[in-house]
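Note sheet for the following structure.
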Amino acid sequence: MFLLSDEEKQKLIAGIESAFSVPFIDDIEDFIWEAIFAYTKSIPLLDPLTVIRSKRLFDLVDPATNIGWSAKALQCPIHPGLGFELVIQRADIFKKSDELGFPQLSVNSPTDQLGAALLTHWNYFKVEQDMAFQGVTDPRVCILLKSKKRNQFAYYEDILERHMTSEIDWKWSDASRTGLQGIRRSDLFVKYRWYPNQKQFFERFVLPSDAEILSLSPQRIPLSDVIDMLKLKLATIQSNS
């Protein structure tokens, strides 16, 4: 797991508090989290107001280091050692079975074939192809965990793992075959889940026991004050352009 420097931690706190101070913003997710992260790391940010957002894996890329981050935000009860999971991809391996090299896949196929198809779909058809397209050589995830009351936050950054088929065992969670589990052989940790009905592929993570949990008390600025400040700033920009 990668840790923030003291300066980056203070910028992360400032970004979170600033976002919640604006009454237009009801939560930190998607582009808002990406913007806070870009500010924290001092890296470029593509503005969706002027640039069409792509569906590529890496939401942020540092051109100076070729680090790419897949940015996620998740509400959950925060505590050290917390296990949490996120959707990483919509994986319709039945529809793409021929393309993946596993013809005629179905829920009745051997679980090791289903798992191998899922890892091929994720590792090659998503991660490797998007790394090449986006110029990323160091793939990572950056996840903001937030409590329901939005007064506790934790930051998780780590390498984007790509497991080999030999590292994962696959089994159905029950006889109904509604959920497939990918279990890491080294420690029997359930690393992946896949649901054939929704085609959603989940990855599970663990917040380290020594992870720092931030306790914050975001304060709202009155809406009229925010608008007045923005109008003044816009007027200054327009007068200088």
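If you're matching positions, the sequence shown starts at 9 in my numbering and goes up one per residue. All C-beta atoms in this analysis are idealised placements derived from N, C-alpha and C, irrespective of residue type, glycine included.
Can you look up residue i in the DSSP assignment and give me helix, strand or coil?
{"i": "D14", "result": "helix"}
{"i": "I40", "result": "helix"}
{"i": "Q160", "result": "strand"}
{"i": "F133", "result": "helix"}
{"i": "V144", "result": "coil"}
{"i": "I21", "result": "helix"}
{"i": "V234", "result": "helix"}
Does the beta-carbon of residue i have 16 or more other beta-carbons within 10 angstroms, so that it is buried, or is it exposed?
{"i": "K199", "result": "buried"}
{"i": "G76", "result": "buried"}
{"i": "G89", "result": "exposed"}
{"i": "E42", "result": "buried"}
{"i": "E220", "result": "exposed"}
{"i": "E25", "result": "exposed"}
{"i": "A46", "result": "buried"}
{"i": "A72", "result": "exposed"}
{"i": "A140", "result": "exposed"}
I'd like the list of long-range same chain contacts for residue i, defined as Cβ closer than 8 angstroms, with 5 residues on each side in sequence excluded.
{"i": "S78", "result": "L65, F66, D67, I96, P147, R148, V149, C150 and L168"}
{"i": "L82", "result": "F92, L94, I151, L152, L153 and K154"}
Do residue i and residue j have their C-beta atoms within less than 8 angstroms of each other?
{"i": "G190", "j": "G109", "result": "no"}
{"i": "N74", "j": "V144", "result": "yes"}
{"i": "R201", "j": "I176", "result": "no"}
Comparing the C-beta of residue i with each C-beta of chain B, is any distance below 8 angstroms?
{"i": "P230", "result": "Absent here is chain B; the protein component of the structure consists of one chain."}
Could you name the residues of the same chain whose beta carbon sits closer than 6 angstroms to that of residue i, not counting the 5 residues immediately before and after it, in chain order?
{"i": "W130", "result": "Q97"}
{"i": "Y203", "result": "G187"}
{"i": "Q7", "result": "Coverage of the chain is limited to positions 9 through 249, which leaves residue 7 absent and any answer about it impossible."}
Sorted by chain position, which residues of the same chain lie with C-beta nearer than 7 angstroms to residue i's C-beta, five sequence neighbours on each side aside?
{"i": "K207", "result": "R98, A99 and D100"}
{"i": "K134", "result": "L65 and Q97"}
Quick check on the DSSP output: what are the complete beta strand (DSSP E) runs of length 3 or more inside the segment 44-128, in order along the chain? You should have 68-70, 75-83 and 91-98.
Give, in chain order, every unbroken run of the beta strand (DSSP E) that is at least 3 residues long and sits entirely within the segment 180-229. Listed in chain order, the complete beta strand (DSSP E) runs (minimum 3 residues) inside the segment 180-229 are 188-192, 197-203, 208-214 and 221-223.
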